[in-house]
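In the working numbering, the protein residues as written are 27 to 221.
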């Protein structure tokens with residue numbers, strides 16, 4: 027959802043802001059997470075489905091619980107990677123969202139409804155029958171934005187985001203991400219993001 031402009035409520039495609047579309051941004055992160063989730067789902071098939079009779083057929087339903095516990099333990103590293111990829115992506119999206127809201131507030135505080143209207147994609151043009159209603163809605167939005175408090179995620183999200191950003195900066199352009207994903211995994215494993 028966060029990397030797709032059709033579903034991310036105005037964030038840039040793949041969470042990278044280049045207009046020339048030469049950067050992949052978080053596209054590869056999405057591929058990696060999808061591959062890991064697919065693998066986890068295929069490995070999550072319960073071992074008990076393949077119960078084999080034991081004890082000279084006296085026990086025909088065996089839980090295979092030890093095997094399943096081993097499988098789950100083997101899967102935890104991949105699950106941690108999925109969570110790391112999600113947090114890494116969410117931090118980038120949070121930075122973009124904060125910047126977008128603050129820019130909209132700054133624009134709204136100037137009091138120019140036409141400046142707000144000009145920023146809306148696929149807006150009715152002057153002369154269209156819907157344009158006066160659109161400007162009225164923009165004026166309401168401008169008033170609300172100007173009056174609202176500054177953007178603040180929840181305290182826990184803010185702390186986790188700040189800790190993550192101590193180790194990994196905002197991505198302006200494409201760069202190698204494998205080391206950064208490993209860093210987020212290490213932060214998760216150490217519970218540093220929960221403090």
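Quick reminder that beta carbons are idealized off the backbone N, C-alpha and C, glycines included.
Using only the alpha-carbon positions, how far apart do residue i and residue j sit?
i	j	result
residue 215	residue 110	10 Å
residue 77	residue 90	7 Å
residue 194	residue 100	27 Å
residue 122	residue 116	10 Å
residue 149	residue 181	36 Å
residue 70	residue 56	21 Å
residue 153	residue 136	25 Å
residue 205	residue 102	19 Å
Among the options, whose alpha-carbon lies nearest the alpha-carbon of residue i?
i	options	result
residue 128	197, 176, 201 and 31	176
residue 126	35, 108 and 203	35
residue 219	180, 186 and 47	186
residue 98	119, 120, 81 and 66	66
residue 145	156, 158, 164 and 159	164
If I measure Cβ to Cβ from residue i and keep anything under 6 Å in the same chain, skipping five residues before and after, which residues do I get?
i	result
residue 130	171
residue 168	134, 139 and 142
residue 53	40
residue 106	211 and 214
residue 17	The structure shown has nothing for residue 17, since the chain only spans 27 to 221.
Roughly how far, in whole angstroms, is the beta-carbon of residue i from the beta-carbon of residue j, given that I think they are within contact range, below 8 Å?
i	j	result
residue 93	residue 73	5 Å
residue 200	residue 68	Not really, about 30 Å apart at Cβ, beyond 8 Å.
residue 62	residue 30	About 18 Å; that fails the 8 Å criterion.
residue 161	residue 113	Rounded, the Cβ-Cβ distance is 40 Å, inconsistent with contact.
residue 203	residue 118	About 11 Å; that fails the 8 Å criterion.
Report whether the distance from the Cβ of residue i to the nearest heavy atom of the ligand NAD is below 7 Å.
i	result
residue 54	Questions concerning the ligand NAD fall outside what the structure shown contains, since it holds no ligand whatsoever.
Tell me which residues share the same chain as residue i and place their Cβ nearer than 8 Å to its Cβ, disregarding the 5 neighbours each side in the sequence.
i	result
residue 108	59, 62, 63 and 66
residue 174	131
residue 156	150
*asked:* To test your reading of the DSSP string, which unbroken alpha helix (DSSP H) runs of 4 or more residues are found completely within the stretch 106 to 154?
replied: Whole alpha helix (DSSP H) segments, 4+ residues: 139 to 144.
*Which whole runs of the alpha helix (DSSP H) in the stretch 34 to 92 are 4 residues long or more, in chain order?*
If we require 4 residues or more, the alpha helix (DSSP H) runs fully inside the stretch 34 to 92 come out as 53 to 69.
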